[in-house]
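Have a look at the structure below, then the notes.
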Amino acid sequence: MSTVQISASDVNKLRQQTGAGMMDCKKALIEANGDFEAAIDYLRKKGAKVAASRQDRDSNEGVVIAKTTADGKKGVIIELNCETDFVAKNADFIAFAENIADVAVSQTPISLDALKQLEINGVKISDLLLDQTGKIGEKIDVSKYEIIEAEKVVPYIHGNYRLGVLVGLNQAVESADEAGKDVAMQIAAMNPVAIDKGDVDARTTERELEIAKEQIRAEGKPEEMVEKIAQGKLNKFYKESTLLNQEFVKDSSKNIAQFLDSVSKGLTVTQFKRVQLGA
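For the sequence shown, the residue numbers in the UniProt record's numbering are 1 to 279.
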């Protein structure tokens with residue numbers, strides 16, 4: 001048993017450094033004979049053990065953060081997950097997600113794995129996730145990371161951090177922020193599958209055509225009419241499910257392409273990303 005005297009100030013210092021509970025910090029310092037580095041390692045290992053024991057748990061709660069660089073040329077979305085809504089609403093948890101998003105937007109790593117290898121205050125994000133798991137006692141992880149680049153990227157967070165959208169526009173005009181937010185809200189609400197007809201992948205198009213044909217045949221329509229009617233249904237799908245062809249929610253007299261063109265001639269969407277919590 002350690003004979004090293006652990007003072008309250010030592011415990012508080014370790015708590016400030018790690019965010020772990022007072023009793024956990026005291027135990028870590030006792031186990032480490034007062035060595036702060038060893039105590040931090042002890043807490044990290046504890047987090048790894050908690051993480052291992054909770055690998056089969058669902059962590060579908062959490063927050064989605066969308067941010068852009070100061071010049072609006074790049075944007076990122078990250079989803080940080082936990083197990084309960086109680087933790088997701090905690091200010092420290094949200095601040096942790098914001099810190100990860102700040103690192104992501106400043107360094108724009110190429111993948112989720114690369115993001116986890118980056119550091120916050122000298123500590124790898126992957127290690128910080130373990131620290132948080134040990135501290136909170138829930139499975140904590142970053143499950144999604146998206147990045148886009150464009151002349152103008154506009155971020156939008158919907159529903160108390162439950163859904164994030166990035167919209168990339170081809171012009172950085174004065175009204176791009178407001179127009180981009182309107183389009184982002186459209187994406188949040190209508191969940192388009194692609195920007196335009198030509199961006200829909202072939203598999204999705206074939207599936208929609210086959211479903212349409214089966215429906216038409218089930219209605220007893222003549223075979224010679226099936227293809228023509230199916231094409232009509234496919235065009236309806238494009239209108240409802242591709243962003244530029246969708247009816248603008250805020251003005252039903254225009255579709256999104258027409259709305260953007262009315263803001264600035266030739267203004268259009270080059271990319272978008274939509275991340276919904278737990279989806």
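Heads up, the beta-carbon is just placed ideally off N, CA and C, and yes, glycines get one too.
{"query": "Three-state secondary structure (DSSP) of Asn170", "result": "coil"}
{"query": "Whole alpha helix (DSSP H) elements within the stretch 104-190, 4-residue minimum", "result": "112-117, 125-136, 176-190"}
{"query": "Rounded Cβ spacing between Leu115 and Ala104 (contact assumed at less than 8 Å)", "result": "6 Å"}
{"query": "Own chain partners of Val263 with C-beta closer than 6 Å, once the 5 adjacent residues on each side are dropped", "result": "Ser175, Ala179"}
{"query": "Exposure of Val183, with buried meaning 16 or more beta-carbon neighbours within 10 Å", "result": "buried"}
{"query": "Limits of the unbroken beta strand (DSSP E) element including Asn81", "result": "74-82"}
{"query": "Residue interval of the alpha helix (DSSP H) (run including Glu61)", "result": "Careful: Glu61 lies outside any alpha helix (DSSP H), inside the beta strand (DSSP E) at 61-68."}
{"query": "Pair within 9 Å by beta-carbon distance, Lys152 and Asp131", "result": "no"}
{"query": "Check whether Leu243 and Asp196 have beta carbons under 9 Å apart", "result": "yes"}
{"query": "Inside the stretch 186-232 only - alpha helix (DSSP H) runs reaching at least 4 residues", "result": "202-218"}
{"query": "Alpha-carbon to alpha-carbon, Asn60 and His158", "result": "17 Å"}
{"query": "C-alpha gap between Met1 and Asp92, whole angstroms", "result": "Reliability of the predicted coordinates at Met1 is poor, the pLDDT of 43 falling under 50, and no value is obtained from them."}
{"query": "Sequence-distant residues of the same chain with beta carbon closer than 7 Å to Lys250, five excluded per side", "result": "Asp182"}
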